[in-house]
Every structure is written in C-alpha cells, then in structure tokens.
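Residue numbers (full-length UniProt numbering), protein chains in the order written: chain A, 1 to 219; chain B, 1 to 219; chain C, 1 to 210; chain D, 1 to 210.
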Amino acid sequence: MTARFFETAGEAVADIRDGSTVLVGGFGMAGMPVQLIDALIAQGAGDLTIVSNNAGNGDTGLAALLAQGRVRKVVCSFPRQTDSWVFDGLYRAGKIELEVVPQGNLAERMRAAGAGIGAFYSPTAVGTPLAEGKETREIDGRTYLLEYPVRGDVALIGAHRCDGLGNLVYRKTARNFGPVMATAAALVVVQVDEIVDTGSLDPEAVVTPSIYVDRVVRI
Amino acid sequence: MTARFFETAGEAVADIRDGSTVLVGGFGMAGMPVQLIDALIAQGAGDLTIVSNNAGNGDTGLAALLAQGRVRKVVCSFPRQTDSWVFDGLYRAGKIELEVVPQGNLAERMRAAGAGIGAFYSPTAVGTPLAEGKETREIDGRTYLLEYPVRGDVALIGAHRCDGLGNLVYRKTARNFGPVMATAAALVVVQVDEIVDTGSLDPEAVVTPSIYVDRVVRI
Amino acid sequence: MSLDKNAIAEQIAADIPPGSYVNLGIGQPTLVADHLAAGSGVVLHTENGMLNMGPAAAGDEVDPDLINAGKIPVTELPGSAYFHHADSFAMMRGGHLDVCVLGAFQVSAGGDLANWHTGEPDAIPAVGGAMDLAIGARSVYVMMTLFTKDGSAKLVPSCTYPLTGVGCVDRVYTDLATFLITGDGVVVRDTFGISFDELASRLDVPLLRP
Amino acid sequence: MSLDKNAIAEQIAADIPPGSYVNLGIGQPTLVADHLAAGSGVVLHTENGMLNMGPAAAGDEVDPDLINAGKIPVTELPGSAYFHHADSFAMMRGGHLDVCVLGAFQVSAGGDLANWHTGEPDAIPAVGGAMDLAIGARSVYVMMTLFTKDGSAKLVPSCTYPLTGVGCVDRVYTDLATFLITGDGVVVRDTFGISFDELASRLDVPLLRP
C-alpha cells in the first residue's frame with residue numbers, strides 16, 4: 001500500500017507495541033532517525049529488541065531509550081564505543097541482552113528477511129567465537145555458517161527526500177542501513193528532510209522504491 | 001583493478017576461452033550486449049555455457065552463436081519464445097543442454113555468487129518439477145529449496161553511460177540483469193552508449209560501481 | 001451471461017484495493033490495467049525492474065529500453081522507479097507485492113497453481129518469473145476461462161499439469177464464476193450466467209455457497 | 001632502524017598495485033592513504049557504503065552525512081559512488097576488494113587473525129566489519145607493531161586471542177620486519193634495524209629467508 005504522511009513523529013510511531021523488534025537505521029549519527037527515536041522514547045513502548053549497528057552514544061537517542069529500561073535486547077555489530085556508557089553499564093549489570101553480529105551478516109540477514117530467503121550460508125566468522133552454535137557446511141571446499149533472517153516488526157529510518165508516493169533517496173553515507181531495513185520490517189517509518197512532488201525524483205536514482213515505505217514524516 | 005577501455009568489441013572479448021561460462025545480460029532486446037555477442041561469435045570460442053534470461057531470438061545474437069554449435073549448455077528462465085527456433089531445433093535434436101531456472105532464482109543465484117554467499121534457501125519452485133534433486137528444508141514452518149551460486153568466467157553486459165573509472169548507469173528497464181551479472185563473473189566486459197568524464201555521474205545514482213567493471217567498449 | 005475476458009478483468013480490477021502494489025504477469029492479466037479506476041493509486045510492478053509502470057507505449061513513446069515482462073513497449077508514470085533483476089525479484093519473493101494476477105492451465109481446490117508447462121514430453125520447459133510470482137505476492141489471483149475448449153474443467157481436485165506453486169492461489173476469476181480458495185474449501189462468490197447447482201454439477205470440486 | 005607507524009604505512013602504500021580497490025579498516029591503517037603515490041589510481045572503499053573516498057574533511061568540508069568507517073568526516077573524489085550496507089558488504093565478502101589493511105592483536109604463522117576481542121571475560125564484544133573484511137578481501141595485509149609494550153610477540157605459532165578469521169592474512173607489516181604468510185611458511189621479506197637471526201631468536205615461529 002502506498003505511503004501515508006504524518007504531521008508529527010509521535011503520530012507516526014504511536015502504535016508501536018511492547019515487545020516489538022525495532023530496526024533502527026544509521027551508522028554513527030549519519031542516517032540516524034533521531035526524531036523518530038525521540039518519539040519512541042516519548043511513546044512508552046517497552047521490552048523492545050533493538051537492531052542497529054551500534055548500541056547508543058552519549059545520553060540521547062538510543063542511549064536514552066536504553067537508559068529508561070525499555071530495551072530487553074540489542075542486536076548490533078559494534079556496541080563498544082568511547083561514549084557508549086549507557087549500554088556498557090546495563091550490560092555489565094546484566095540488565096540487557098546482547099547479540100553481536102558481524103556487520104556484513106547483520107546487513108545480509110536483514111536483506112534475506114526482505115528478499116524471502118529462508119537462510120543462507122555466510123563466509124564470515126567461520127572458526128571464530130561468533131560461530132559457536134551455528135550450523136556449518138562445506139561448499140566447494142570452503143566452510144560457511146548458516147545464518148537466518150533478521151526481521152523487524154518496525155523499522156525506523158532516516159532519508160533525505162521523499163516523493164508523494166513514498167520513493168526515497170538518501171544523502172552520501174547516510175544511506176547505510178536504511179534501504180536494507182526498509183525491506184525487512186512489517187512497518188517502515190521514515191523521517192525525511194524534504195518531501196518533493198511525485199515525478200520530481202529521477203526514476204533511475206530512486207534508492208528505496210515506495211513499495212517499502214509505510215509512513216513518512218518530514219522533520 | 002580499475003577498468004580498461006578498448007577501441008573495439010573484438011579486442012575486449014579476444015581472450016575468452018573454450019569451455020567458458022558466459023553470463024549474458026538483457027531481457028528481450030533491452031540491455032542485450034549485441035556488439036559484444038557479435039564479437040564473441042567472430043572470436044570463435046566454443047563449448048560455452050551461456051547464462052541468460054532467454055535462449056536467443058530470431059537468427060542473430062545469441063541465436064547465431066547457438067546456430068554455430070558453439071554452445072554446450074544454456075542456463076535460462078525462458079527459452080521458449082515465438083522466435084526461438086534456433087534453440088528449439090538444437091534442443092529437440094539433443095544437441096544442447098538446458099537448465100531451466102526460475103527467473104528469481106537465476107538473479108538471486110548470481111547475486112549470491114557476487115556476494116560471497118555459499119548457498120541459500122529459496123522459497124521458489126517448492127513442490128514443482130523444478131525442485132527435483134534439490135535439498136529441501138523447513139524453516140519457521142515454510143519449505144525452501146537449497147540453491148547454489150551461478151558464477152561466470154565472463155559477463156557480457158550492456159549499459160548506458162560509463163565514467164573514466166568504470167562506474168555505470170543504465171537506461172530504464174535495460175538495467176535488468178546487468179548489475180547482478182557484473183558482480184558474478186571473473187571478467188566483466190561492458191558495452192556502453194557513452195563514455196563521460198569521471199566526476200560527471202551523480203555518485204548517488206551510480207548503479208554498478210567501477211569495482212565490478214573490468215573492460216569497457218563504447219559502441 | 002458469462003463474462004468475456006474484459007469483463008473478467010473488470011471484476012479483478014474492482015477487487016484490487018486502492019494504493020495496492022500489483023503485478024499483472026503476462027498475457028490476459030495485463031487487461032486488468034485498463035479497468036483500474038482513475039485515481040485508484042494502484043502501482044504496477046513489472047518483473048524486469050520497474051515500479052509504477054504506465055500503459056503500453058504508442059508511436060513516438062516507444063523506447064526499446066522500456067518494456068514490460070511480456071517485452072511489450074510501455075511508458076512510465078510520475079513516481080516510477082527502476083531497479084535490477086535481483087532487487088525486483090527480492091521485492092516479489094519477499095512478500096512485498098499486494099496482489100499478482102496470473103493466467104493458469106489449472107488451479108486445484110487447495111490453491112495449487114499449474115500455469116508454466118503442459119507436461120507434454122516434447123514441450124520445451126520455460127518458467128520465467130511465474131514460480132516466483134506465485135509464491136511471492138500476498139494475494140494471488142488467477143484469471144482464466146473455467147473450461148478448456150474441449151470442455152475439461154480447469155478448477156480441479158488436484159492438478160494434472162506440472163505445478164507452478166503449492167497452495168498459493170487465493171482467488172480464481174473465470175468467465176462463469178469467481179471462486180475464493182479458503183481454508184474451509186472453495187467458495188463461489190459470484191456466478192455469471194450459470195446457477196450454483198449447474199456449476200457444482202460440472203466441477204469435480206466441492207463448492208461452498210458464499 | 002625500526003619503522004614508526006608512518007614508515008610502516010609507507011611500506012604498505014608502496015606495495016599496493018596502482019588501480020587497486022582498497023579498504024583501510026579503522027585506526028592506524030588509515031595512515032596508508034597519506035602515502036599512496038599521486039596518480040596511483042587506488043580507489044578507497046569504506047564499509048559504510050562508499051567507493052573512492054577522499055581524505056579527511058576539514059573546516060567547511062565537514063558534512064555529517066559523509067563519514068568513514070571510523071565515523072570521521074571525509075570527502076568524496078570524482079568518480080565516487082554510494083551504496084547501502086548490504087551492497088557494501090556484498091562487495092567485501094564477494095571477494096571484489098583487491099586489498100584490505102587491518103590492525104591486529106595477533107597473527108598466527110598460518111595467517112589466522114585476532115583483532116576484535118582481547119578475550120578478557122569482562123570485555124564487551126564488538127566486531128563491526130572486521131570479520132567480513134578479514135575473509136573478504138583478496139589480499140589481507142596486517143599493520144602492527146611486532147611486539148606488545150610488555151615485549152610479547154604478536155606473530156605467534158597460534159593465536160591465544162579470539163580469532164577474527166582463519167588463514168586469512170597474506171602479509172604482516174611491522175616496525176621490525178615485513179612478513180609474507182605463504183604455503184611454505186612465514187617468509188621474512190624485509191627487516192628494519194634487526195638481523196634475521198635476532199628476529200628468529202625473538203619469535204616462536206619458524207622463519208624463512210626471502
């Protein structure tokens with residue numbers, strides 16, 4: 001169904017429920033859907049699983065959501081950063097679960113969810129501690145690990161421009177996880193810098209076609 | 001390694017060897033690398049495996065390559081068309097092998113080759129004759145077939161514009177298999193309509209980054 | 001009165017919710033596009049890498065680089081987007097299309113679809129995107145005549161032709177009736193120039209009243 | 001004389017063939033960029049979705065939407081291209097990068113790499129793209145000091161730290177020597193301010209002369 005446009009981030013995330021798995025775009029601050037995260041903080045849903053590359057920085061955004069005790073589990077590639085003290089504290093206190101996933105597996109597992117792939121054999125992490133408990137298989141003389149899709153109930157992503165149908169373009173490396181997460185969640189909520197007329201985006205340059213976009217709010 | 005530019009299609013395909021697996025872009029005539037195929041016909045390599053969506057139309061292009069007895073096997077999704085008489089004749093005479101692959105599996109298997117995926121579980125063709133001999137697996141209550149990568153020794157593709165590094169953009173639905181095949185072959189040869197200055201393509205709109213492009217010839 | 005192919009297409013078009021993302025396969029199902037209401041906001045997908053495909057191209061509009069899955073020149077509408085084949089089929093196979101409409105040789109009472117191969121030993125197999133569409137779209141509608149020219153039913157207890165997909169069909173739109181394939185069985189939603197009882201007598205499939 | 005980190009980076013830069021596609025990881029390996037010859041045509045990849053990344057941004061060039069894998073603002077060069085994370089890691093994991101340069105805690109004689117985790121029980125695990133890079137690039141170069149501050153060798157018979165990848169390292173560039181990991185064993189290609197024999201006496205790994 002074509003995208004719906006909302007006036008405020010709060011309305012766009014109003015019905016996210018306790019226990020949801022939420023994919024959160026961004027790599028560092030680039031592409032981070034800051035206003036949607038703030039709206040999720042205000043909205044109150046708890047017992048969340050957050051899938052994102054990092055586990056929050058400083059005291060705002062994801063870190064603030066974590067600090068409120070609203071997150072049961074974090075699935076990410078790199079939770080340890082100089083300013084990830086909120087996550088660090090919760091983790092060391094045993095108050096939050098962590099699944100560390102190599103960044104390429106994280107991206108590919110979300111792509112698999114979006115592409116209808118049941119599982120795939122990945123070359124990454126073979127022979128490492130992150131292979132523990134995973135099925136291995138040798139194919140053409142190389143060993144692979146079986147990896148399953150990562151699916152979201154909701155994706156919160158940031159994009160640059162959106163047209164009236166919901167087609168998205170991004171800016172530079174702020175693209176990062178947005179296009180993949182947009183394919184992998186049942187409900188995709190996007191904050192954009194700008195809404196433009198349908199027909200004004202170059203059809204050759206659309207990165208996320210409107211089919212993947214459910215809700216849009218301009219920030 | 002950055003792309004090399006050739007004056008003629010003949011030079012660009014000169015070293016393709018007997019027995020090669022050649023991925024050939026195009027869907028119908030859109031995106032078909034006509035001049036590269038003609039150069040391959042002139043070049044003489046035989047015992048080829050051709051991977052392409054169709055199996056040749058009329059008496060030119062792939063059909064002409066087939067008619068010369070140069071193709072041992074065709075891997076495609078749709079060999080039967082009103083004007084595919086060359087393939088039809090060879091097939092009925094038992095002179096050519098055919099592997100019919102659902103179009104989505106064909107695209108995804110080449111993507112897997114390009115992305116380092118060892119194999120993947122596909123939802124397509126379960127319970128059909130095309131599932132014969134394939135491993136099945138139930139994941140989360142749904143049945144999947146195990147599909148392996150399709151890799152080329154060479155890919156021949158058509159694109160619209162190329163910059164001096166080898167970045168490619170396509171035109172409309174002529175994009176089709178080109179970007180996927182460019183990731184899946186050891187040697188990627190591209191015919192383009194136009195070569196433009198490096199820096200004149202929008203970095204946000206590049207479809208095939210130069211890393212995938214080995215040889216370019218302007219037609 | 002029984003429906004002609006345009007009238008079947010009209011039935012299907014009326015059932016597609018506004019704003020849906022739809023793939024019309026190749027052949028007769030493409031007629032559905034002609035019957036979508038102006039302003040329906042339905043967005044058409046073509047497997048060869050495009051969303052928001054427009055009508056067939058005519059005259060100067062013809063561009064060899066812009067074709068549909070049936071290789072017919074088409075046009076683009078405002079808000080269209082192009083993507084490559086792996087992305088196009090990921091969209092399809094990942095369950096993102098709301099509806100696809102396909103032709104069929106046979107549909108079984110359980111929703112199995114046979115539309116790619118006659119099963120004749122000398123037929124050259126060719127599947128295209130049919131198997132991906134059949135298992136990928138959220139709702140799969142079949143458009144077909146209910147009987148072959150020699151009078152055999154195409155809605156059958158189980159398919160005798162090679163399958164395209166298992167249990168994937170949701171609705172069957174035919175010249176004589178529209179059927180819903182449900183967990184309880186085959187429901188006859190509408191009949192056209194034939195009574196429920198006559199329909200039931202001509203089909204080897206148990207039918208339910210709506 | 002032993003090499004400082006810039007001199008190690010210079011050694012590595014000199015060994016990267018012109019026109020290569022290269023990922024420099026994060027931290028010290030990014031120094032290699034400063035030593036690439038003008039006109040080398042080396043194209044830098046950053047895992048967060050860009051090819052032909054330029055130098056670090058300064059002043060007005062800083063754009064929060066344009067950062068490298070270390071989250072440092074960078075610039076773009078003519079001919080750059082952006083892509084999403086799945087495409088970026090497909091590029092990496094599919095074997096399309098010619099070279100990557102990574103730091104390491106330890107490298108084994110067989111080319112195993114340990115660079116993501118100290119193995120201390122209270123350390124928070126964090127891997128980022130290190131495991132993907134380690135197994136993905138055609139040639140994996142490690143840049144490190146040969147000994148830790150407390151004098152332990154980092155080129156070891158087998159790694160005691162948790163592994164990042166198995167048998168993936170091709171070359172090890174250090175302050176005291178450059179090593180090639182080959183099927184025959186560890187070859188000492190160059191030494192810096194140390195003799196082959198002294199090197200051999202300080203390492204628990206059999207060394208081969210070039």
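Glycine included, every Cβ here is placed at the ideal spot set by N, Cα and C.
Residue-chain proximity (residue i, chain F), Cβ-Cβ < 9 Å
| i | result |
| --- | --- |
| Lys71 (chain D) | Absence of chain F from the displayed structure is noted, the protein chains being A, B, C and D. |
Nearest residue (CA-CA) to residue i, options the options
| i | options | result |
| --- | --- | --- |
| Phe89 (chain D) | A:Arg215, A:Asn176, A:Ala113 | A:Asn176 |
| Val42 (chain C) | C:Ala114, C:Cys100, C:Thr145, C:Val187 | C:Cys100 |
| Arg4 (chain A) | A:Thr173, A:Asn167, A:Thr183 | A:Asn167 |
| Val213 (chain A) | A:Pro102, A:Val189, A:Ala67, A:Ala174 | A:Val189 |
| Gly118 (chain A) | B:Glu138, B:Leu48, B:Pro203 | B:Glu138 |
| Gly44 (chain A) | A:Leu66, A:Arg70, A:Thr198 | A:Arg70 |
| Thr182 (chain C) | C:Ala109, C:Gly27, C:Ser20, C:Gly70 | C:Ala109 |
| Ala56 (chain D) | D:Leu207, D:Ala134, D:Val32, D:Thr164 | D:Val32 |
| Thr21 (chain B) | B:Val154, B:Ala131, B:Leu145, B:Glu108 | B:Val154 |
| Glu194 (chain B) | B:Gly133, B:Thr208, B:Val169 | B:Val169 |
| Gly49 (chain C) | C:Val205, C:Ile135, C:Phe83, C:Thr174 | C:Phe83 |
| Ala137 (chain D) | D:Leu44, D:Ala153, D:Gln11, D:Ala14 | D:Leu44 |
| Leu102 (chain C) | C:Tyr21, C:Ala114, C:Met91 | C:Ala114 |
| Val127 (chain D) | A:Phe27, A:Cys76, A:Gly158 | A:Cys76 |
| Leu98 (chain B) | B:Leu156, B:Thr82, B:Val51, B:Ala174 | B:Val51 |
| Ser144 (chain B) | B:Gly152, B:Ala131, B:Leu156 | Inspection of the sequence shows that residue 144 (chain B) is occupied by Tyr rather than by Ser. With distances taken between Cα atoms, Tyr144 (chain B) lies closest to B:Ala131. |
| Val186 (chain D) | D:Glu198, D:Val156, D:Asp175 | D:Val156 |
Bridge partners - residue i, DSSP secondary structure assignment
| i | result |
| --- | --- |
| Tyr144 (chain B) | B:Arg137 |
| Asn23 (chain C) | C:His45, C:Cys100 |
| Cys76 (chain A) | A:Val100 |
| Tyr82 (chain C) | C:Met50 |
| Gln35 (chain A) | Answer is none; Gln35 (chain A) lacks a bridge partner. |
| Asp190 (chain C) | C:Thr178 |
| Cys162 (chain B) | B:Leu168, B:Ile195 |
| Ser139 (chain D) | D:Val99 |
Own chain partners of residue i with C-beta closer than 6 Å, once the 5 adjacent residues on each side are dropped
| i | result |
| --- | --- |
| Gly129 (chain C) | Glu47 |
| Val166 (chain C) | Asp112 |
| Cys162 (chain A) | Leu168, Val192, Ile195, Val216 |
| Met1 (chain C) | Gly193 |
C-alpha gap between residue i and residue j, whole angstroms
| i | j | result |
| --- | --- | --- |
| Ile8 (chain C) | Arg171 (chain C) | 12 Å |
| Gly114 (chain B) | Ala9 (chain B) | 24 Å |
| Met143 (chain D) | Val169 (chain D) | 11 Å |
| Phe147 (chain D) | Asn23 (chain D) | 25 Å |
| Gly104 (chain B) | Ala64 (chain A) | 42 Å |
| residue 222 (chain B) | Ala55 (chain B) | This structure gives no information on residue 222 (chain B), because the portion of chain B shown stretches from 1 to 219. |
| Lys95 (chain A) | Pro79 (chain A) | 15 Å |
| Met32 (chain B) | Met181 (chain B) | 12 Å |
| Gln68 (chain B) | Arg215 (chain B) | 26 Å |
| Lys149 (chain D) | Ala125 (chain A) | 29 Å |
| Val101 (chain A) | Glu135 (chain A) | 15 Å |
| Asn68 (chain D) | Phe179 (chain C) | 56 Å |
| residue 212 (chain D) | Pro64 (chain D) | The structure shown does not extend to residue 212 (chain D), since chain D spans only 1 to 210, so no value can be given for it. |
| Arg109 (chain B) | Leu203 (chain D) | 46 Å |
| Thr145 (chain C) | Pro149 (chain A) | 40 Å |
| Phe196 (chain C) | Pro179 (chain B) | 52 Å |
| Pro173 (chain D) | Val188 (chain D) | Correcting the residue identity first, residue 173 (chain D) is Tyr in this sequence and not Pro. If I take the Cα positions, the gap works out to 10 Å. |
| Gly25 (chain D) | Gln81 (chain A) | 16 Å |
| Ala30 (chain B) | Arg209 (chain D) | 57 Å |
Cut-off 7 Å between Cβ atoms - residues of its own chain near residue i, not counting five sequence neighbours on either side
| i | result |
| --- | --- |
| Ala123 (chain D) | His117 |
Checklist entry - the segment 134 to 160 of chain A: which residues have C-beta closer than 8 Å to a C-beta of chain B, in chain order? => result Arg137, Ile139, Asp140, Arg142, Tyr144, Tyr148
Checklist entry - Going along the chain, which residues of the segment 98 to 124 of chain B sit with their C-beta nearer than 7 Å to a C-beta in chain D? => result Gly114, Ala115, Gly116
Item to check | chain B contacts from the segment 75 to 93 of chain D (Cβ-Cβ distance under 7 Å) | outcome: Glu76, Pro78, Gly79, Ser80, Ala81, Tyr82, Phe83, Ala90, Met91, Arg93
Checklist entry - If contact means a Cβ-Cβ distance below 9 Å, which residues of the segment 95 to 109 of chain D contact chain B? => result Gly95, His96, Leu97, Asp98
Next on the checklist: Tell me which residues of the segment 45 to 67 of chain D have at least one Cβ-Cβ distance to chain A shorter than 8 Å, keeping chain order.
Outcome noted: Thr46, Glu47, Asn48, Gly49, Met50, Asp63, Pro64, Asp65, Leu66, Ile67
Checklist entry - For the segment 18 to 48 of chain C, which residues have a beta carbon sitting closer than 7 Å to at least one beta carbon of chain A? => result Gly19, Ser20, Tyr21, Gly41, Val43
Checklist entry - Using a beta-carbon distance cut-off of less than 8 Å, what residues from the segment 153 to 185 of chain C approach chain B? => result Pro162, Leu163, Thr164, Gly165, Val166
Item to check | Contact set between the segment 190 to 202 of chain A and chain B, restricted to residues whose Cβ is under 8 Å from the partner | outcome: Asp202
Checklist entry - Between the segment 61 to 77 of chain B and chain C, which residues of the former have a C-beta closer than 7 Å to a C-beta of the latter? => result Ser77
Checklist entry - Of all the residues that make up the segment 125 to 139 of chain D, which are near chain A by a beta-carbon distance shorter than 7 Å? => result Pro125, Ala126, Val127, Gly128, Gly129, Met131, Asp132, Ile135
Item to check | Near-chain A residues of the segment 166 to 182 of chain B - C-beta to any C-beta below 7 Å | outcome: Val169
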